[in-house]
């Protein structure tokens with residue numbers, strides 16, 4: 176992700192803006208406003224606007240005429256209560272707008288979250304930039320043997336070289352042909368057709384706006400270990416943004432969502448037997464092999 | 176709508192806030208931020224936060240790295256083009272949050288718009304205020320004879336007095352009983368039960384947050400002559416807010432939505448025959464009686 | 176809930192229909208199709224249409240050209256896997272349509288779920304029936320002392336009598352006045368105005384259509400012990416419908432949603448310490464008083 | 176689009192199903208249920224399930240206990256009234272589920288409609304088929320000179336040959352490399368990574384379920400002349416499905432949406448001056464050059 180001098184100029188202009196407002200304002204977020212936060216090789220996440228803060232959640236929950244906030248401690252208790260009991264509407268009262276640059280095959284996963292507003296760069300209207308994603312060596316993995324939609328060991332040596340060579344050369348070639356097809360002196364093919372020749376690792380861009388409740392839902396699913404590595408990278412950067420924007424909500428998100436455990440009725444019964452001192456085995460647990468393995472992993476994974 | 180001294184104090188505190196921000200800021204809207212704009216006898220609309228401005232629509236439409244705006248004239252042309260061609264996503268990039276006080280029977284119409292975020296005052300958790308809506312004399316109308324869901328002439332004299340007396344006395348009585356049932360020294364009935372004794376003209380309150388595209392959709396339907404008078408009053412106040420917030424969008428909303436005409440295939444064919452100089456009658460129009468009447472009204476209604 | 180003879184006739188006509196279809200069909204659900212399932216004193220839930228079955232979930236999850244189903248056992252395993260890992264889209268592939276009669280104060284809670292399609296009886300267009308909800312004696316409870324939005328002990332004796340008398344008499348009176356105001360020989364007030372005089376325990380009706388995923392989300396929240404008794408009654412009837420319609424999904428809903436436990440990061444750490452044999456107390460738990468109480472309740476509540 | 180013998184077998188099995196149901200059933204739609212309707216070179220649209228019919232719209236609009244239908248003529252009048260006055264909720268009471276095969280670059284436009292349920296074939300989980308879209312000769316067009324997101328003249332001769340050769344060869348090559356990277360004997364790259372090497376004209380598949388109101392909104396936008404040719408082809412096939420499913424709604428959709436004219440306040444004023452016999456010119460119209468041209472086109476385009 177290298178900025179053109181035009182972009183550097185535009186960025187400077189935006190970040191030096193200074194307006195007076197009566198709206199809730201978050202200094203920690205203002206500091207990184209408009210700044211591109213790098214993700215993958217050419218991608219980024221930029222916060223371009225936001226509405227509300229931790230106090231705005233409290234104010235909405237209390238349908239308050241004024242600020243509606245009380246002591247920090249009481250406000251924190253209320254936010255944690257709302258999160259714990261799935262009272263989602265107060266969190267919907269905050270909103271954030273991002274400018275995001277992401278490879279198309281990841282954008283296709285991303286867009287499945289329908290509760291956001293999206294405005295994407297149009298390849299019917301404009302020419303796509305020549306920027307495509309090539310995984311870093313340490314992220315080039317073989318198909319997992321146990322998980323049909325996961326990765327196994329890292330590829331190394333000639334295998335890795337071969338893959339990188341294919342990805343790179345094909346991306347270069349399809350772009351050369353894309354340009355050739357678009358050439359106004361040549362075939363001058365319509366942009367909306369020529370774009371179909373690009374590979375799915377080409378970067379696209381969009382403005383993406385979402386409320387805080389739905390953002391956390393997105394982050395919980397996409398920062399999860401089952402999500403594809405590439406989208407997790409974006410989710411992790413956005414969780415850092417969350418921390419700057421709404422620190423109390425961020426903390427309760429970690430406690431009640433990201434690091435929480437959802438146990439089935441059966442698994443919870445096993446847990447209770449264990450607490451009562453019983454030595455439960457896979458056989459005596461009544462769980463399926465898979466659920467037993469998942470429970471074992473759960474009991475092990477958050478050990479200090 | 177009279178504010179308590181507590182509310183006046185809170186209002187003063189909010190309106191005297193002053194923060195520094197890099198975000199798009201609209202001075203004309205800042206001026207009325209937090210101010211209750213009176214609607215009906217005890218209702219109000221208050222803007223409590225907003226995100227974006229006319230330029231933010233342009234910026235999103237261009238998926239711009241910087242401001243994305245050009246000359247005012249070009250930006251205006253783009254906004255009008257987007258509106259005319261139903262490109263809704265750039266308008267979704269602006270968001271506004273209201274605090275609204277509205278009679279329950281109107282709140283029930285309002286909530287049917289599902290694309291907003293809502294946090295309502297809870298009558299399970301809190302005691303309802305003693306505030307109910309009584310129509311002004313000039314809005315007390317008989318059932319329309321021609322339109323099953325509309326109003327006819329205004330009620331006058333003893334009929335009007337009788338209606339106002341019934342509405343007022345019943346609202347007073349049900350609240351007295353509500354209070355009696357809640358009385359901790361008496362029956363101390365649960366709030367979530369006692370509330371069922373209130374009439375539908377009692378006021379409720381909510382925080383209501385919506386994006387600009389969906390707000391305009393709401394306003395088009397609810398400021399329309401077919402909408403109930405009481406909700407139109409809210410819509411009209413909000414259209415004034417729209418004008419302060421996003422003046423160019425407001426103008427194109429009037430031109431392409433609120434004052435635009437949607438003509439059926441058949442009606443448009445009639446229009447073309449008229450333009451060609453033909454004297455079209457109801458019989459020769461091929462329209463149904465109702466559609467012919469609607470077309471005649473349309474052709475008459477915007478006459479200077 | 177007593178049916179008029181017209182309604183009985185209509186019901187008979189509908190339930191004796193017999194068409195031939197190639198669509199997935201669920202005999203157990205067909206049996207109760209159109210039948211009003213009684214809820215509260217005058218309310219009901221009626222299934223009026225449905226789309227899909229357990230197999231349709233499997234078929235969609237596999238984006239199958241044909242039926243997509245395998246052995247019952249494999250299909251069950253897949254449905255449980257999807258539920259466990261929050262893969263919601265295949266469950267969205269089933270849809271159900273209800274006709275529901277419910278008191279207005281409960282309808283107002285219900286409508287907050289925005290992911291359904293709703294068509295409500297219009298009190299602008301039609302006259303409301305004289306049917307209102309009066310709680311059964313055993314559901315008349317005092318305000319909870321510990322929970323601001325809950326119920327405590329049951330009211331008895333004169334207190335109960337007084338409440339029932341007030342609720343009944345006020346509902347009777349406001350309806351008398353509603354009728355008087357509507358009277359075409361008298362004031363003939365517009366229906367859209369007269370309705371505001373009714374109390375919130377009057378019944379309304381709507382058609383309510385929702386996909387299976389969002390239905391389960393609704394049921395999880397509204398069958399929960401924190402939900403108001405009256406809406407829980409509806410949720411419980413609908414969970415019975417779920418069992419007839421999609422029995423495998425119903426079972427996994429119970430196991431992974433309704434009877435599952437969501438434990439915070441902190442609570443889960445305590446659980447692990449307990450399993451390791453440690454005697455954890457409120458003090459040593461690191462939990463707040465409230466969370467400790469909730470955890471204790473959780474550990475106790477599903478004991479056989 | 177050629178079916179494998181497995182698919183032919185599965186199709187035969189599905190279309191020979193015969194169940195008895197009390198649900199509204201549409202014989203004309205049952206006839207094509209499960210049948211792949213060909214679109215482009217390898218794509219298809221298949222109806223795999225549906226809920227409701229024209230009568231179900233009427234029934235919901237009347238929140239009816241029974242069928243709710245009256246004479247065909249009255250029902251038709253009601254449906255046309257609902258459509259004309261943008262009463263969308265009754266149309267939401269019908270639902271349809273499609274299985275669709277579509278090139279990825281078109282799928283990316285399609286998915287922008289967020290009001291549908293989608294379950295897409297997973298290229299993380301499964302290997303993509305070797306099927307890609309190559310435009311037919313008559314759809315290979317140059318970039319429009321006047322419309323930045325449109326097509327101009329058809330490409331011919333060597334230019335067309337060159338484009339087809341590039342598209343075809345690149346698609347072949349990236350698939351060869353995709354297979355090589357996946358090869359379990361070779362690099363065995365994870366599927367979720369290897370897929371990024373495919374070009375955007377590869378076909379994907381999904382189950383897509385939507386209510387009738389939102390389907391018509393989709394069709395109005397995507398069958399429009401401004402939409403890309405390839406997605407219009409899908410929309411047109413689906414409009415044929417609409418006609419079989421809900422013929423009265425289909426007719427009113429054509430009259431009040433697809434063939435209707437939406438005129439701005441300014442354009443309508445011009446129309447009225449024309450009807451009054453005035454000879455209005457671009458100069459005297461007060462319209463911008465672009466809007467004047469659009470109005471002229473509108474007045475000409477539906478001439479018989």
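Chains as they are written, first to last, in our numbering: chain A, 176 to 479; chain B, 176 to 479; chain C, 176 to 479; chain D, 176 to 479. Built from N, CA and C at the ideal position, the CB exists for glycine as well.
- Assigned with DSSP and collapsed to three states, residue 271(D) falls in strand.
- For residue 443(A), the nearest CB of chain C lies under 9 angstroms from its own CB, placing it at the interface with that chain.
- A distance below 6 angstroms between beta-carbons, with the five flanking residues on each side excluded, links residue 386(C) to the following residues of its chain, in chain order: 267, 270.
- Contact between residue 366(B) and residue 318(C) holds, since their C-beta atoms are separated by about 6 angstroms, short of 8 angstroms.
- Counting C-beta pairs closer than 8 angstroms gives fewer than three between the stretch 258-267 of chain C and the stretch 275-290 of chain C, which falls short of the contact rule.
- Close to residue 227(C), with beta-carbon spacing below 7 angstroms, are these residues of chain D in chain order: 224.
- Per DSSP, the continuous beta strand (DSSP E) segment holding residue 225(A) begins and ends at 218-226.
- Residue 295(B): member of the beta strand (DSSP E) spanning 292-295, first to last residue.
- Contact between residue 414(B) and residue 394(B) is confirmed by a C-beta separation of about 6 angstroms, below the 8 angstroms threshold.
- Contacts with chain C at 9 angstroms (Cβ-Cβ) include residue 429(A).
- When DSSP states are grouped into helix, strand and coil, residue 438(A) belongs to the strand group.
- In the DSSP assignment, the residues bridged to residue 378(B) are 278(B).
- DSSP places residue 366(B) within a helical segment (H, G or I) once states are collapsed to three.
- Listed by position along chain C, the residues whose Cβ is nearer than 8 angstroms to that of residue 288(A) form an empty set, because the closest Cβ is around 11 angstroms away.
- Residue 358(C) and residue 334(B) have their C-alpha atoms roughly 11 angstroms apart.
- Counting only residues of its own chain and dropping the five nearest sequence neighbours on each side, residue 391(D) has a CB closer than 6 angstroms to the CB of 428.
- Of the residues 207(D), 214(D), 251(D), 185(D), the one whose Cα lies closest to the Cα of residue 243(C) is 185(D).
- If the five residues before and after residue 419(C) are omitted, its C-beta is found closer than 6 angstroms to the C-beta atoms of 203, 204, all from its own chain and listed in chain order.
- Inter-segment contact for the stretch 237-255 of chain A and the stretch 334-343 of chain A is absent: fewer than three beta-carbon pairs are separated by less than 8 angstroms.
- The contact set of residue 255(D) on chain C, defined by CB atoms closer than 7 angstroms, is empty, because the minimum CB distance reaches about 17 angstroms.
- No Cβ of chain B is located within less than 9 angstroms of the beta carbon of residue 297(D).
- For residue 445(A), same chain residues with a beta-carbon under 6 angstroms away, outside a window of 5 residues either side, are 455, 460 in chain order.
- Residues are counted here when their Cβ sits less than 9 angstroms from a Cβ of chain C; for the stretch 355-376 of chain B these are 355, 356, 357, 359, 361, 362, 363, 364, 365, 366, 367, 368, 369, 370, 371, 372, 373, 374, 375, 376, given in chain order.
- Contacts with chain C (Cβ-Cβ distance below 7 angstroms) from the stretch 377-399 of chain D involve 380, 381, 382, 384, 386, listed in chain order.
- DSSP places residue 327(C) in the strand class (E or B) of the three-state scheme.
- Judged by beta-carbon spacing, residue 375(D) lies beyond the 9 angstroms limit of residue 342(A), meaning their Cβ atoms are not closer than that value.
- Around the CB of residue 400(B), fewer than 16 other CB atoms lie within 10 Å, so the residue is classed as exposed.
- Considering only 474(D), 249(D), 368(D), 219(D), the residue with the shortest C-alpha distance to residue 324(A) is 368(D).
- Across the set 222(C), 230(C), 225(C), 235(C), the C-alpha of 230(C) shows the shortest separation from the C-alpha of residue 247(C).
- Across the structure, residue 249(D) and residue 466(B) are spaced so that their CA atoms are roughly 15 angstroms apart.
- Between residue 436(C) and chain A, the shortest Cβ-Cβ separation is below 9 angstroms.
- Counted as a single uninterrupted DSSP element, the alpha helix (DSSP H) harbouring residue 340(A) occupies residues 332-357.
- Between residue 198(D) and residue 194(C), the CB-CB gap stays under 9 angstroms.
- The closest CA to that of residue 443(D), considering only 451(B), 431(B), 363(B), is found on 431(B).
- At a cut-off of 9 angstroms between beta-carbon atoms, residue 450(A) makes contact with chain C.
- Taking residue 464(A) as the centre and dropping the five residues before and after it, the same chain places the C-beta of 457 closer than 8 angstroms to its C-beta, in chain order.
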